[in-house]
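Protein sequences appear in the order of chains B and D. Okay, so the first sequence: first residue is 663 according to the working numbering, each after it adds one. Okay, so the second sequence: first residue is 1054 according to the working numbering, each after it adds one. Even for Gly, the Cβ is constructed at its ideal location relative to N, Cα and C. In this text the structure is predicted, and so the values were computed from the model without any measurement.
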Amino acid sequence: MFEAKLTESTTIKRVLDAIKDLIQQANFDCSADGLSLQAMDTPHVCLTTMTLRSQAFEVYRCDRPLSMGINLSSISKILKCAASKDSVKIVADDEGADCAEFIFENESADRIAHFELKLMDIDSEHLSIPEDSDYQAIISMPSAEYRRIFSDLSIIGDTITIEINKNTACFSVEGDIGNGSLNLAQTDSADEKNPVTINVKEPVKMTFPGKYLNTFTKAVPISEFVTLCLTDGNPLAIEFSLPDEAGFVRYFLAPKIDQ
Amino acid sequence: TPVQNDLDEFFAVC
Chain B
663 MFEAKLTEST TIKRVLDAIK DLIQQANFDC SADGLSLQAM DTPHVCLTTM TLRSQAFEVY
723 RCDRPLSMGI NLSSISKILK CAASKDSVKI VADDEGADCA EFIFENESAD RIAHFELKLM
783 DIDSEHLSIP EDSDYQAIIS MPSAEYRRIF SDLSIIGDTI TIEINKNTAC FSVEGDIGNG
843 SLNLAQTDSA DEKNPVTINV KEPVKMTFPG KYLNTFTKAV PISEFVTLCL TDGNPLAIEF
903 SLPDEAGFVR YFLAPKIDQ
Chain D
1054 TPVQNDLDEF FAVC
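This is the structure:
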C-alpha cells in the first residue's frame, strides 16, 4: 500500500510546474524515504531530478517500494482540479497497480474530489548522479534574481556564458541582435536581505544554452534561493530546495563546447 | 559555434 497526503496542493503543483516542460513522462519512485524522480529531456542535454521527502507529507506510508509511471501532462491536468489550499492524498496499490488515486479535500472537509490517473509502463535507466562532487565554484542567490538574470539574457540570445572569479559572477550573452553582460558581486554583510554568496576554489568560465537556464525559472516559486554549482567540463548543477528540507528540484545541464 | 554536449557521458547507468 502506498499512501501520501500533502496538507496543501501547492507543494506538488509547484514541483510539477518546475519539471513538466522538460520531461513528458517519468517513473515516480516511492520508497520509505519519500517520492523521487529522475529523467533526461529528449535531446539528452538536461537531467531533472526531484525528491519530496517523507517529512514533506502529513501522512506517508510506503510498505514496499514501487514505481509509478506517470505522464506529466496528465498528472498536471488532474492537479489543476485541486484548489491551492486543498489537501492532496495519493493512494496506490503496491502490487502492480494500473492507476493511482488522487483525493482533494478542502479546508473545511466538506468538498472531496476523487480522480484516478492511469499509470504507464516506462522503461527508464536509473542514472548514478555523483553526490556533492568537488565543484570549482558555487554561487547562491535569491531565486528572484536568478529569474531576472536568465529571463533578461535569454531574450538577447541562446549562448550564455557564466564566468566566476573571486567574489564576482559574470553572466554574458551573445545573440543575433547584439550582446550583453551582467556582473553580480557577493553581498557584503551576512544580514543582507537578499544575499548573494560566491565560493570559488578555482575561477571557472562555461557556456550554456539560455533556453534551458530560462526554463529552470519555472522552479523559482519552490524556493527563495537557488544554488548553481560549476566545474569546468561537467554539467552545471542547479538546485531549488523546498523549505524545511522537505525536498528539492535539481537540474543538471550539459555545457556547450567549442569545436 | 559552441556545440552542446550530451549528458550521457557524464552519468553512468546504475
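Worksheet item: Taking the C-alpha atoms as reference points, what is the distance between residue 797 of chain B and residue 847 of chain B?
Response: Distance from the CA of residue 797 of chain B to the CA of residue 847 of chain B, rounded to the nearest whole angstrom, comes to 19 angstroms.
Fill in: Cβ-based contacts, 9 angstroms cut-off: residues of the region 906-921 of chain B near chain D
914, 915, 916, 917, 918, 919, 920 and 921
Worksheet item: With a CB to CB cut of under 7 angstroms and the five nearest residues on each side skipped, what residues in its chain are close to residue 886 of chain B?
Response: 804 and 805
Item to complete: Return helix, strand or coil for residue 739 of chain B, following the three-state DSSP convention.
Response: helix
Item to complete: Name, in chain order, the residues that DSSP records as bridge partners for residue 836 of chain B.
Response: For residue 836 of chain B, the beta-bridge partners assigned by DSSP are B/821 and B/841.
Item to complete: List the residues of chain D that residue 896 of chain B touches, going by C-beta distances under 9 angstroms, in chain order.
Response: Contacts between residue 896 of chain B and chain D, judged by CB atoms closer than 9 angstroms, involve 1063 in chain order.
Practice prompt. List the DSSP bridge partners of residue 804 of chain B.
Written response: B/887
Item to complete: Pull up the distance between the alpha-carbon of residue 749 of chain B and that of residue 700 of chain B, whole angstroms please.
Response: Answer to the nearest angstrom: the Cα atoms are 25 angstroms apart.
Fill in: Residues of its chain near residue 901 of chain B, where Cβ-Cβ distance is below 6 angstroms and the 5 sequence neighbours each way are ignored
889, 910 and 912
Worksheet item: Ordered along the chain, which non-local residues of its own chain (more than five positions away) have a Cβ less than 8 angstroms from that of residue 693 of chain B?
Response: 724 and 727
Discussion item. Tell me which residue opens and which closes the alpha helix (DSSP H) that residue 675 of chain B is part of.
Written reply: 672-681
Worksheet item: Using the C-alpha atoms, what's the distance from residue 1062 of chain D back to residue 896 of chain B?
Response: 10 angstroms
Fill in: residue 899 of chain B versus B/883, B/870, B/815 and B/777, residue with shortest Cα-Cα distance
B/870
Worksheet item: With burial defined as no fewer than 16 other Cβ atoms inside 10 Å of the residue's Cβ, what is the status of residue 676 of chain B: buried or exposed?
Response: buried
Fill in: Within chain D, the residues that residue 877 of chain B reaches when beta carbons sit closer than 7 angstroms
Result: empty, since nearest Cβ-Cβ is about 14 angstroms, beyond 7 angstroms.
Worksheet entry | Residue burial classification, residue 1056 of chain D (beta-carbon count within 10 angstroms, cutoff 16) | exposed
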